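Participant: Keeping their order, the protein sequence lines are chains A and U.
Under this note's numbering, the first residue of the first sequence is numbered 2, with each subsequent residue one higher.
Under this note's numbering, the first residue of the second sequence is numbered 36, with each subsequent residue one higher.
Positions of the beta carbon are idealized from the N, C-alpha and C atoms, including for glycine.
All values reported here derive from a predicted model rather than from experimental measurement.
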Amino acid sequence: MSFLEIKNLSKKIGNNEVLKNISIELEKGGFLVLVGPSGCGKSTLLNAIAGLMPLTSGEIVLDGQVINDLHPSKRDIAMVFQSYALYPNMTVEENIGFALEMRGVDKSERGELIRNVAKTLQIEHLLSRRPSQLSGGQRQRVAMGRALVRQPRVFLFDEPLSNLDAKLRVEMRAEIKSLHHNTDATIIYVTHDQIEAMTLATKIVVLKDGAIQQVGTPAEIYNHPANLFVADFMGSPAMNMLKGKAVSSNGTRQISIFDGTVRVPMPSSVTTQLADGREVILGLRPEGITDEGLVDPTADAIAKVDADVRLVEPTGSDTFVTATLQGSSFTGRVRADVPIAPRERFTFVFNLDKAVVFDPATNQRLT
Amino acid sequence: MSAAAETVSAGSARTARIVIYSLLVLLALVYLLPLYVMLTTSFKSLAEIRGGDMLALPRDPSWEAWTKAWGQACIGVTCEGIKGYFWNSIRMVVPAVLISTVLGALNGYVLTKWRFPGHKLVFGLMLFACFIPFQAVLIPMARVLGIFGLANSTTGLVFVHVVYGLGFTTLFFRNYYEAFPDELIKAAMIDGAGFFKIFWRILLPSSGPIIVVTIIYQFTNIWNDFLFGVSFSSGAESPMTVALNNLVSSSTGVKEYNVDMAAAVFAALPTLFVYIVAGRYFVRGLMAGAVKG
């Protein structure tokens, strides 16, 4: 039985349906990431779980108990806010201890709990400071300490890293991950950053316009996106979407792309027979389009494509190359030391093992 | 236009400075002149005042007029000076300021952090109270005070000032709390703090500047109020401003300008004190409302 269960949750603000029939389950100790573009309702959903916003309909069940009508303080849930929401008039110690104080934990016990948490987060030396005297990363730690000290049933994180600079963000991301490993906490985490979602989650929920697009493990979401939106949203650079048609020649199923100038084998993810001439969209991640030296030696279905290079973006470890053929462009990833320059002709290798195919009419993935 | 004309040269900057400072000094003198005349006159004897040189320093400064204004001057039929009225004013202004400030803070808290349907309308109506001319409410208010049995009492004046101060104090606190992050309130709710705990522990400790602004504003307004004082109180219950008027405009005997001036300075002292003590917070608080951060 799942630890946290959200059943058919809907939320209307005026006539605007911000959450549409959301159902999610999460096991104890799971790390659920809600991801989606701004305005998709992910923060609203988090607020609803926290009890800061009433639901229009649906149920939230935590550990077998319906918590819909429980006051936020009675849900045994802790939340880390994007702005950290540290009480400016209190010291770090008072900030961390505030929830305990409100729950009537006596002073000596409180002090011990605060010190333990401060030790875990390495902020012992900051306990007597005020939030205004802390750096962004330190504030972030205090905010986490405030949640941790209560040992709640569920942790909610609302875009906790988006106010940090890039380097610190990566550091804190790793820390949150190891925190999850060490404490076995159940975490729900909201972000618009798909890399955070991929690296942290045991389960990802992709939201768009208040509706769930896909629920799955990071690998499922990345390798088998349910529809064009998920495929496009997850992964950077984005997945290449190539218009094509299903064809068959001599009994082998193929897709013709680039206005019929190139034929590639039908990806193995499609098991049904597609009618000849049926329009499809071939989705191929940049790492599936490489130079000849970087081809996965275990790949079954590959195809070579010559195309005109338009843009070369070296990242240091590899180089992203944007090329066009017959008016449609795609991005591939090649080795950093391959000599390649714009306006050249280059031979790319398409690895179709990991390719997916979508129906342009419904935007859903074809299987 | 040449490049030189676009940047300010050292010479013209100094000229500008001189102009600014001489203007400031001049205006300060204009504003300080009445105070100077009041103070010097209060230390002069009547004979010297009649001599006519208003701007001259007192030849033989004495506290006589001050002690008389405080303890012996005749106001109406009693000749006990203004001290009784001074305490009347204190007894009126302290509770009125405290009550209206606390209620304004609570209103601001509810109107920004515990919004209910129609909160905008309620705030609009309270704001409207700021624009009602006081003359328009004198008669209804007199009737209400009569019904409550508060007519001609300091308690009645406190009530009137609390009611008419609420619009302003609510406006001050609402605008201040509007900029206060909602996430802090949410965090406190999740941490288990209730309505008053959040107000007392989270909001109020961060409200220093706006509390000072409100107190100064309310204190000066209520202390200096004449209309309500003269309408809703009489005789020994009058506040300072009314008594001062009675003292100055009583027409029996010789007009004692030195006593009038000393009494006027007494009347102005508390507001002066409040400004000097809290003035820098006042400016800071006004700025805090104007620009965020």
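Is there at least one Cβ from chain A nearer than 9 Å to I237 of chain U's Cβ?
Facilitator: Translated into the one-based positions of the second sequence, residue 237 of chain U becomes position 202. Answer yes: the Cβ-Cβ gap between I237 of chain U and chain A drops below 9 Å somewhere.
Participant: How should L282 of chain U be labelled, buried or exposed, when 16 other C-beta atoms within 10 angstroms of its C-beta is the threshold for buried?
Facilitator: Position 247 of the second sequence, counted from the start, is the residue given in the question as residue 282 of chain U. Classification of L282 of chain U: buried, given that the 10 Å Cβ count is 16 or more.
Participant: So I189 of chain A and I290 of chain A are supposed to be a Cβ contact under 8 Å. How far apart are they, rounded?
Facilitator: As a working note, residue 189 of chain A is residue 188 in the first sequence. As a working note, residue 290 of chain A is residue 289 in the first sequence. 35 Å between Cβ atoms; not a contact.
Participant: Using a Cβ cut-off of 7 Å, pull out every chain A residue sitting near E272 of chain U, in sequence order please.
Facilitator: Counting from 1 along the second sequence, the entry for residue 272 of chain U is found at position 237. The contacting residues do not exist; E272 of chain U stays about 41 Å from chain A at best.
Participant: Taking F158 of chain U as the reference, give the member of U:P152, U:V193, U:L146 and U:F151 with the closest Cα.
Facilitator: As a position in the second sequence, residue 158 of chain U is number 123, starting the count at 1. For the residues U:P152, U:V193, U:L146 and U:F151, the minimum Cα distance to F158 of chain U belongs to U:L146.
Participant: Output the distance between the C-alpha atoms of L114 of chain A and G146 of chain A, rounded to the nearest integer angstrom.
Facilitator: Stepping through the first sequence from its first residue, residue 114 of chain A is reached at position 113. Stepping through the first sequence from its first residue, residue 146 of chain A is reached at position 145. Distance between the alpha carbons of L114 of chain A and G146 of chain A is about 10 Å.
Participant: Just verifying my parser: in three-state terms, what is the DSSP assignment at V132 of chain U?
Facilitator: As a first step, residue 132 of chain U is located in the second sequence; it is residue number 97 there, counting from the start. If DSSP states are grouped into helix, strand and coil, V132 of chain U belongs with the helices.
Participant: Run down chain U in chain order and give the residues with a C-beta less than 8 Å from the C-beta of A100 of chain A.
Facilitator: One-based indexing of the first sequence puts residue 100 of chain A at position 99. Under the 8 Å cutoff, chain U gives I225, D226 and G227.
Participant: Give me the Cα-Cα distance between F349 of chain A and D309 of chain A, rounded to the nearest whole angstrom.
Facilitator: Taking the first residue of the first sequence as 1, we reach residue 349 of chain A at position 348. Taking the first residue of the first sequence as 1, we reach residue 309 of chain A at position 308. One C-alpha to the other measures close to 10 Å.
Participant: Any beta carbon from chain U within less than 9 Å of I50 of chain A's own beta carbon?
Facilitator: Taking the first residue of the first sequence as 1, we reach residue 50 of chain A at position 49. Answer no: the Cβ-Cβ gap between I50 of chain A and chain U never drops below 9 Å.
Participant: Closest Cβ-Cβ distance between P73 of chain A and chain U: below 9 Å?
Facilitator: For the purposes of this step, residue 73 of chain A is identified with residue 72 of the first sequence, where counting begins at 1. Interface residue, yes.
Participant: My assumption, with CB atoms under 8 Å, is that P89 of chain A sits in contact with S133 of chain A. Please give the rounded CB distance.
Facilitator: Taking the first sequence and counting its residues from 1, the one referred to as residue 89 of chain A is at position 88. Taking the first sequence and counting its residues from 1, the one referred to as residue 133 of chain A is at position 132. Their Cβ separation, rounded to whole angstroms, is 6 Å, which keeps P89 of chain A and S133 of chain A in contact under 8 Å.
Participant: Taking 9 Å as the CB-CB limit, is P216 of chain U close to chain A?
Facilitator: Numbered from its first residue, the second sequence carries residue 216 of chain U at position 181. So, interface residue.
Participant: Any idea what DSSP makes of D70 of chain A, helix, strand or coil?
Facilitator: If you number the first sequence from 1, residue 70 of chain A lands on position 69. Three-state DSSP puts D70 of chain A in coil, outside helix and strand.
Participant: Based on Cα-Cα distance, which residue from A:Y223, A:K21 and A:T299 lies nearest to L56 of chain A?
Facilitator: For this step, residue 56 of chain A is matched to residue 55 along the first sequence. Cα-wise, what sits closest to L56 of chain A is A:K21.
Participant: Going by C-alpha distance, which of A:G245, A:V191 and A:Q274 is nearest L208 of chain A?
Facilitator: Translated into the one-based positions of the first sequence, residue 208 of chain A becomes position 207. Looking at the Cα atoms, A:V191 is the closest of the given residues.
Participant: Measure the alpha-carbon distance for I14 of chain A versus L46 of chain A and round it to whole angstroms.
Facilitator: Numbered from 1 along the first sequence, position 13 holds the residue referred to as residue 14 of chain A. Numbered from 1 along the first sequence, position 45 holds the residue referred to as residue 46 of chain A. Distance between the alpha carbons of I14 of chain A and L46 of chain A is about 13 Å.
Participant: Any residues in the stretch 102-126 of chain A with a beta carbon nearer than 8 Å to a beta carbon of chain U? Which ones, in chain order?
Facilitator: Listed by position along the chain: M103 and R104.
Participant: Rounded C-beta distance between K43 of chain A and G52 of chain A? I'm assuming under 8 Å.
Facilitator: Position 42 of the first sequence, counted from the start, is the residue given in the question as residue 43 of chain A. Position 51 of the first sequence, counted from the start, is the residue given in the question as residue 52 of chain A. Their Cβ separation, rounded to whole angstroms, is 17 Å, which puts K43 of chain A and G52 of chain A out of contact at 8 Å.
Participant: Going by DSSP, name the residue or residues bridged to D307 of chain A.
Facilitator: In the first sequence, residue 307 of chain A corresponds to position 306, counting from 1. D307 of chain A is bridged to A:T348.
Participant: Is it the case that the CB of A227 of chain A approaches a heavy atom of the ligand ZN more closely than 8 Å?
Facilitator: As for the ligand ZN, it is missing from this structure, which has no ligand bound.
Participant: In terms of alpha-carbon separation, which member of U:D226, U:F267, U:V289 and U:C109 lies closest to L157 of chain A?
Facilitator: What you label residue 157 of chain A is simply residue 156 of the first sequence in a count that begins at 1. Comparing Cα positions, the closest option is U:D226.
Participant: What are the complete beta strand (DSSP E) segments, minimum 3 residues, inside the stretch 310-341 of chain A?
Facilitator: Taking only runs of at least 3 residues, the beta strand (DSSP E) segments lying wholly in the stretch 310-341 of chain A are 319-326 and 329-336.
Participant: CA-CA distance, L180 of chain U and Q170 of chain U?
Facilitator: Counting from 1 along the second sequence, the entry for residue 180 of chain U is found at position 145. Counting from 1 along the second sequence, the entry for residue 170 of chain U is found at position 135. Using only the alpha carbons, I get a separation of about 16 Å.
Participant: Could you give the DSSP three-state label for V296 of chain A: helix, strand or coil?
Facilitator: Position 295 of the first sequence holds residue 296 of chain A. Here V296 of chain A sits in coil by DSSP.
Participant: Applying the 10 Å Cβ sphere with the 16-neighbour rule, what's the burial state of C165 of chain U?
Facilitator: Residue mapping note: residue 165 of chain U aligns to position 130 of the second sequence, counting from 1. It counts as exposed.
Participant: Determine the extent of the alpha helix (DSSP H) in which T372 of chain A is found, giving its start and end residues.
Facilitator: Residue 372 of chain A falls outside the range modelled here, since chain A spans only 2 to 368, and no answer is possible.
Participant: Using only the alpha-carbon positions, how far apart do F194 of chain U and L201 of chain U sit?
Facilitator: Your numbering for residue 194 of chain U matches position 159 in the second sequence. Your numbering for residue 201 of chain U matches position 166 in the second sequence. If I take the Cα positions, the gap works out to 11 Å.
Participant: Beta carbon of K8 of chain A, beta carbon of T187 of chain A: below 9 Å?
Facilitator: As a first step, residue 8 of chain A must be located in the first sequence, where it is residue number 7. As a first step, residue 187 of chain A must be located in the first sequence, where it is residue number 186. No, the pair does not count as a contact, with Cβ atoms beyond the cut-off.
Participant: Opposite K246 of chain A in the DSSP bridges: which residues?
Facilitator: As a position in the first sequence, residue 246 of chain A is number 245, starting the count at 1. DSSP, once it has assigned bridges, lists A:S257 and A:E280 as partnering K246 of chain A.
Participant: For L219 of chain U, decide whether its Cβ has a neighbour in chain A, counting only Cβ atoms nearer than 9 Å.
Facilitator: The sequence position of residue 219 of chain U within the second sequence is 184, counting from 1. By this cut-off, L219 of chain U is an interface position.
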